[in-house]
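What follows is one structure encoded as structure tokens, with my remarks underneath.
Protein chains: 8
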Amino acid sequence: MNKHLEKEDVRIDELDQKIIAFFQRDGRSSYTEIAEELGITVGTVRNRVQRLIENKIMKIVGVVDPFKTGMESVSMFGLKVQLNKLDEVVQKLVKIPEVRFVAAATGAFDLYVQIITSSNKELYRIMKEELSEIDGILSTDSSMILELHKQSYDWGVNLP
Amino acid sequence: MNKHLEKEDVRIDELDQKIIAFFQRDGRSSYTEIAEELGITVGTVRNRVQRLIENKIMKIVGVVDPFKTGMESVSMFGLKVQLNKLDEVVQKLVKIPEVRFVAAATGAFDLYVQIITSSNKELYRIMKEELSEIDGILSTDSSMILELHKQSYDWGVNLP
Amino acid sequence: MNKHLEKEDVRIDELDQKIIAFFQRDGRSSYTEIAEELGITVGTVRNRVQRLIENKIMKIVGVVDPFKTGMESVSMFGLKVQLNKLDEVVQKLVKIPEVRFVAAATGAFDLYVQIITSSNKELYRIMKEELSEIDGILSTDSSMILELHKQSYDWGVNLP
Amino acid sequence: MNKHLEKEDVRIDELDQKIIAFFQRDGRSSYTEIAEELGITVGTVRNRVQRLIENKIMKIVGVVDPFKTGMESVSMFGLKVQLNKLDEVVQKLVKIPEVRFVAAATGAFDLYVQIITSSNKELYRIMKEELSEIDGILSTDSSMILELHKQSYDWGVNLP
Amino acid sequence: MNKHLEKEDVRIDELDQKIIAFFQRDGRSSYTEIAEELGITVGTVRNRVQRLIENKIMKIVGVVDPFKTGMESVSMFGLKVQLNKLDEVVQKLVKIPEVRFVAAATGAFDLYVQIITSSNKELYRIMKEELSEIDGILSTDSSMILELHKQSYDWGVNLP
Amino acid sequence: MNKHLEKEDVRIDELDQKIIAFFQRDGRSSYTEIAEELGITVGTVRNRVQRLIENKIMKIVGVVDPFKTGMESVSMFGLKVQLNKLDEVVQKLVKIPEVRFVAAATGAFDLYVQIITSSNKELYRIMKEELSEIDGILSTDSSMILELHKQSYDWGVNLP
Amino acid sequence: MNKHLEKEDVRIDELDQKIIAFFQRDGRSSYTEIAEELGITVGTVRNRVQRLIENKIMKIVGVVDPFKTGMESVSMFGLKVQLNKLDEVVQKLVKIPEVRFVAAATGAFDLYVQIITSSNKELYRIMKEELSEIDGILSTDSSMILELHKQSYDWGVNLP
Amino acid sequence: MNKHLEKEDVRIDELDQKIIAFFQRDGRSSYTEIAEELGITVGTVRNRVQRLIENKIMKIVGVVDPFKTGMESVSMFGLKVQLNKLDEVVQKLVKIPEVRFVAAATGAFDLYVQIITSSNKELYRIMKEELSEIDGILSTDSSMILELHKQSYDWGVNLP
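Chains as they are written, first to last, in this note's numbering: chain A, 1 to 160; chain B, 1001 to 1160; chain C, 2001 to 2160; chain D, 3001 to 3160; chain E, 4001 to 4160; chain F, 5001 to 5160; chain G, 6001 to 6160; chain H, 7001 to 7160.
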């Protein structure tokens, strides 16, 4: 077979989508309610949810607003990285607790990284004590987030 | 009083933090379990959770991996915006369903915007049909996310 | 159905791919030879080729090296464009004969454009007389190609 | 003699140009037809074509639309390179099959490189496993092509 | 006379410099002490200081560390400005109390501006309500100061 | 306690602020006058001022206009620095007398540095002889200040 | 004829080149000496020189070092210009006496401009009073020349 | 004495300026004519000119238009250089005959360099064979000059 057909198969069907939609609205939706509304058994809901979570397709979590919990320094870093150390750099970044988001990207930067701390002073400490220890980072550019206007958690599924 | 003391008071105490921590690990943690582990009543857990959600400090949701659900085009936009139209631009951006994240920031861009679609073709359509209609956007720079290495939902709270 | 399954179906099969591969090596491959090598009839080859060309999947053309035919000024432009005039700008650019390549892209530029002329003087004339007439171009950045090290025409198909 | 007169002589005459024009329109134009239309012998056509191809002035090939054959990730890289390793870098880049275009240029980047793959995942693999192995690449900037609006193969010859 | 000799004459002599040096070390140096150390009369010190202050050569002031007085958001803006509105833009900027420094410069930006506020939220308000009202600002780039490592007030005079 | 409450306590009260305000207007304000206007004893003023100065919250100094004292070359540098050498770079920069300001920042540069010299020739000497000796500076970008439109020394305190 | 052969013919022959070389070394070379050294008549030298000057191929002039004659502010501007006003912008720039060099270019800027003045103050006046009056300049970036290390006047001719 | 008074004295007086002005108009002005017009002796003119040339204040040379003598590739390079190798880099650059201009500058680049060759191919050879050999060049950015609109040789002196 040729390469473009080999893509990892995503086996979520319409029922999965409908179930996901309930949790995107409210992570504590009851299985019974979902079963009733969709006309399926509670066991089916439970099995589907379990499978979605085990395959890391969905995660049900409490998401906190950093600005409302005293984490006032939310920053976005663009990193230029030595390509042959990209994997190592990523492995070290994800271990820093204040680093909440790491993504590889096209464009001027190889990696986008979000760091959330209680103060700019703390951010500066992380830059000097943590980022500085990671071999392979060529340069950093950073922006301070001034306000979060939208943050949605319903990534990836649009229902009919 | 002088200005730097006027900051909006964030009244989350240590108990709130401990409760939040349970939901950051598992959004479907049972109130009974939490109550037992923390040595408080179920009613207290329920009240605290309700208050955290009502005050938009925490939100319990199903978060989906875009790459595992066929939303293969995840992009990050940096927007330069006419400052006197910044609020309007934000209001219009947050209404576009494919726009999942909007934040004002320091640095070279006034706004960071994430757009998630099923294909680059769809992204291009949104740029031409949706972004193009928003008056006040001076220029856009964009990056395609190639892989999400870390995405944490426990923003804002570090427990002892 | 959900969006990520709606992608325009690309119906080229393995036989199409094998046929394409012959023309990628030599655009004047004989149908008879191809038929023999693949163990199919000449009619099948002819039909397949016709279908590939009609659907604009493949084009058989003479490609010329600009530097060997006196077109010494090969330049690459990055254009920032008003998004609500992007389609118009594209329509006007593709009509300029010296513009040989126009692509929309992510990154710092909205459009990449290649312009090939016999001299820098001629390029400068096109900038001043042609590009300048296109409403919606915000700014241009340009590079002069010094040497073409690789130019392949077998885009899009990797055979087993 | 002084330098500006020493340029490598390009010996394509008007007849060559007229012949080239036929193949730019259709790479499978018949020699007989061309001979008739131009009032020359088929042998002359054949000899001229052979000489154009041997001198790498023209190449007749099947060109495929990447977006129509499942190669959905078309990217353009700008590379900054250590100048004393430029030739080596070029030699290694042109050997990577997914690298379809390599050109040296003036401007912010030393090399422009196009990479075409079936997916962004595959592109990311090439960046991490192939580009990362090439010593002398200082940094990369990349753009994802969203749509090809024009791609002409008639580079280098304008007929009267 | 030719132009380069027409420069505004700066009439500070060595005595002025020696007097300035005392105040650079301590703005509350006593005139008597200075007079004694320099072997001049207190009247001379007084006259010289008065002249330096009247001619805006020196200013004696209390300088406060923003980070120690709750002004935690210290930012540096680079502004691109319409040149024919540069003077107006400057006139409006200097009137905003939170704007503490405005300088015209060569380089990528026409003006450098420092803004000091008690919080990022307050900074964002100033951007949206104050900067946005100034006609002639084309774009802004901003950096958040993380730590002040040196800030000297002895600009302009090096003593022997 | 959670982190965002641990910030270094800034103990300046309203009385401190009022006293500071006098010195921001005139660094040579008399203690007697301040005492009278605020209805407190001279001893209190003296103690408060002493404490503000000892804690490096306020400094009373003579500030000189560089352009009026022959220091015509005022430049602003943006430095990119190896993060693991940031502290060393800072330590060396602050020792150069012509370097009057050093601040760590977010954005495209790690450090902002102001250098004030009597001429561009002297600035160039410092770049070649002083900055060049500091290991860890990756690159520099510089702007020449053409005019200082505002320079305030009342950072950090806004009175009611 | 095809385009790349139509270039404006430059009719300087080897004798012209040899004569030019004398003036590149010393603009006051005597015709007699040149005639003797080249074995031609003084009349031939005279005619050739006259023709070179009339055709604006060569100009014999006194070139002055700006830094040695009090013109201490030598700056290089990169201008982004509205393409449809490029010619007008050029026409206005060349009329400003302090503007000594104007060239159209590829790259990030449309025009490179050198401005030489006796002081930065004078430069700033020109930016605010002269450049600001030219309609069609979108933005400017500028650098201050710190030292001229090489300036050759023998552009365009390499002798054997 | 304090530093800003120590500047290298430029001893050109009004008479020097008037003499220079003649050569700026025409490098072959006769001493007799100048003497007559200025009411001084030919000996004075001769002595002054000799002194101006010996002190490298003025140089009388034949300046050639590169585009009219077949040097069609005129490029401007911006170089980022390791500061501790700046002098060495300059020493090597000025020895390359095709390098016609080298200047240290503020801004994004440490050095501006002009290279003039007969073709882009020759420019590319110089980049790969000459610039690549110079240790200390960190990166290069280049622009191709498309047209020279103004080039004045009367730098540095404005007469009344």
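Here a beta-carbon is modelled for each residue, glycine too, at the ideal position from N, C-alpha and C.
Helix, strand or coil: how does DSSP classify residue i here?
i        : result
M1144(B) : strand
I6116(G) : strand
I3040(D) : coil
S5139(F) : strand
A5108(F) : coil
V7102(H) : strand
K4095(E) : coil
Under 8 Å between beta-carbons, which chain C residues line up against residue i? List them in chain order, please.
i        : result
I3034(D) : What I3034(D) touches in chain C: nothing, since even the nearest Cβ is about 11 Å away.
E7072(H) : S2119 and N2120
Would residue i be called buried (16 or more neighbouring beta carbons within 10 Å of its own) or exposed?
i        : result
G7027(H) : buried
T6069(G) : buried
E6(A)    : Only weak support exists for where E6(A) lies, its pLDDT of 37 falling under 50; the value from the coordinates is given anyway. Label assigned to E6(A): exposed.
Q4114(E) : buried
Q5050(F) : exposed
T41(A)   : exposed
L3015(D) : exposed
D5013(F) : exposed
R1048(B) : buried
G7078(H) : buried
P1160(B) : For P1160(B), the predicted model reports a pLDDT of 35, less than 50, meaning its position is unreliable; a value from the coordinates is still stated below. Label assigned to P1160(B): exposed.
S139(A)  : buried
E1122(B) : buried
E7098(H) : buried
R5025(F) : exposed
Given that residue i touches chain B, what residues does it touch there, using C-beta distances under 7 Å?
i        : result
D2087(C) : K1128
Listing by chain order, which chain G residues have their CB less than 7 Å from the CB of residue i?
i        : result
Y5124(F) : L6146 and E6147
V7102(H) : H6149 and K6150
Terminal residues of the continuous beta strand (DSSP E) containing residue i?
i        : result
K4059(E) : M4058 to V4064
K2080(C) : S2073 to V2081
Note down, in chain order, every chain F residue with its Cβ under 7 Å from the Cβ of residue i.
i        : result
S7106(H) : Residue identity differs from the one stated: residue 7106(H) is Thr in this sequence, not Ser. Those within 7 Å of T7106(H) in chain F are S5075, S5142, S5143 and M5144.
L111(A)  : Under the 7 Å cutoff, chain F gives no residues; its nearest Cβ is about 15 Å from L111(A).
L131(A)  : L5083
For the alpha helix (DSSP H) containing residue i, name the first residue and the last one.
i        : result
K2018(C) : E2014 to R2025
What in chain F is Cβ-close to residue i, meaning under 8 Å?
i        : result
L7138(H) : S5139
Is there a Cβ from chain I that is less than 8 Å from the Cβ of residue i?
i        : result
L6079(G) : This model lacks chain I altogether, as its protein chains are A, B, C, D, E, F, G and H.
Take residue i as the anchor and find which of the options has the nearest alpha-carbon.
i        : options                                   : result
S3132(D) : A21(A), K92(A), N84(A) and R100(A)        : N84(A)
N55(A)   : F1067(B), L1111(B) and V1099(B)           : F1067(B)
G7107(H) : V5064(F), S5030(F) and Y5124(F)           : Y5124(F)
G6136(G) : V6081(G), L6038(G), I6020(G) and V6064(G) : V6081(G)
S7119(H) : V2099(C), K2128(C) and V2074(C)           : V2074(C)
L4967(F) : G5043(F), F5022(F), V5061(F) and K5092(F) : What is shown of chain F runs 5001 to 5160, which leaves residue 4967(F) out entirely.
M5058(F) : I4053(E), E4147(E), V4064(E) and I4057(E) : V4064(E)
G148(A)  : L86(A), M71(A) and G62(A)                 : Gly is not the amino acid found at residue 148(A); the sequence shown has Leu there. Comparing Cα positions, the closest option is M71(A).
S1143(B) : L2086(C), A2105(C), I2126(C) and V2089(C) : A2105(C)
Residues of chain H with a CB under 7 Å from the CB of residue i: which are they?
i        : result
N3055(D) : In chain order: nothing, as chain H lies at least about 17 Å away.
Mind pulling the chain D residues with CB within less than 9 Å of residue i?
i      : result
L38(A) : By Cβ distance, chain D contributes nothing, its closest Cβ being about 33 Å from L38(A), past 9 Å.
What residues from chain H crowd round residue i, counting only those whose CB sits closer than 9 Å?
i        : result
V6099(G) : K7150 and S7152
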